[in-house]
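Using the working numbering, you'd call the opening residue of the sequence shown number 507 and step up by one each time. First comes the structure, then the notes that go with it.
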Amino acid sequence: GSSKRVAILGDQIAKLAVDNDWAGVIVNGCIRDSAIINELEIGVKALGTHPVKSLKTYPGEKGSVVNFGGVEFVPGHWVYSDEDGIIVSEVPIHETKA
Numbered sequence: 507g508s509s510k511r512v513a514i515l516g517d518q519i520a521k522l523a524v525d526n527d528w529a530g531v532i533v534n535g536c537i538r539d540s541a542i543i544n545e546l547e548i549g550v551k552a553l554g555t556h557p558v559k560s561l562k563t564y565p566g567e568k569g570s571v572v573n574f575g576g577v578e579f580v581p582g583h584w585v586y587s588d589e590d591g592i593i594v595s596e597v598p599i600h601e602t603k604a
């Protein structure tokens, strides 16, 4: 489940996401360093901010289905986000540049 006890994402991990050409990150918890993250070329959605970083004792998982906020996030599905919310699609719904 979600946690608001510590920040799950900070500026260093957000910078790694930018360096790996990620368009965005959705966090089922809090972030820190929000002023720095807001200046980066990446979209971030989170439940809030918290000044305390996590202990990073859990390595995470790759390729797992994740459920939160009533939404199922499945590897290979497309996620779209703007100021008003998030949608998930099994197929791309955006136009690609030719």
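Glycine residues also receive a C-beta, built at the ideal position from the N, C-alpha and C atoms.
Rounded to whole angstroms, what's the CA-CA distance from Thr-555 to Val-585? Just pull it up for me.
Here residue 555 refers to the residue found at position 49 of the sequence shown. Here residue 585 refers to the residue found at position 79 of the sequence shown. When rounded, the distance between both Cα atoms is 22 Å.
Specify the secondary structure class of Ser-560 as computed by DSSP and reduced to three states.
What you label residue 560 is simply residue 54 of the sequence shown in a count that begins at 1. Note: Ser-560 maps to coil in three-state DSSP.
Of all the beta strand (DSSP E) runs that stay within the bounds of the stretch 565-594, which reach a length of 3 or more residues?
Counting only runs of at least 3 residues, the stretch 565-594 fully encloses the following beta strand (DSSP E) elements, listed from N- to C-terminal order: 572-574, 577-579, 584-588.
Which of the three DSSP states, helix, strand or coil, is assigned to Lys-551?
The residue given as residue 551 occupies position 45 in the sequence shown. Strand.
For Ile-532, collect the residues of the same chain with a Cβ closer than 6 Å to its Cβ; drop the 5 residues on either side in sequence, then sort them by chain order.
Mapped onto the sequence shown, residue 532 falls at position 26. Closer than 6 Å at the Cβ level, and outside the excluded window around Ile-532, lie Lys-551.
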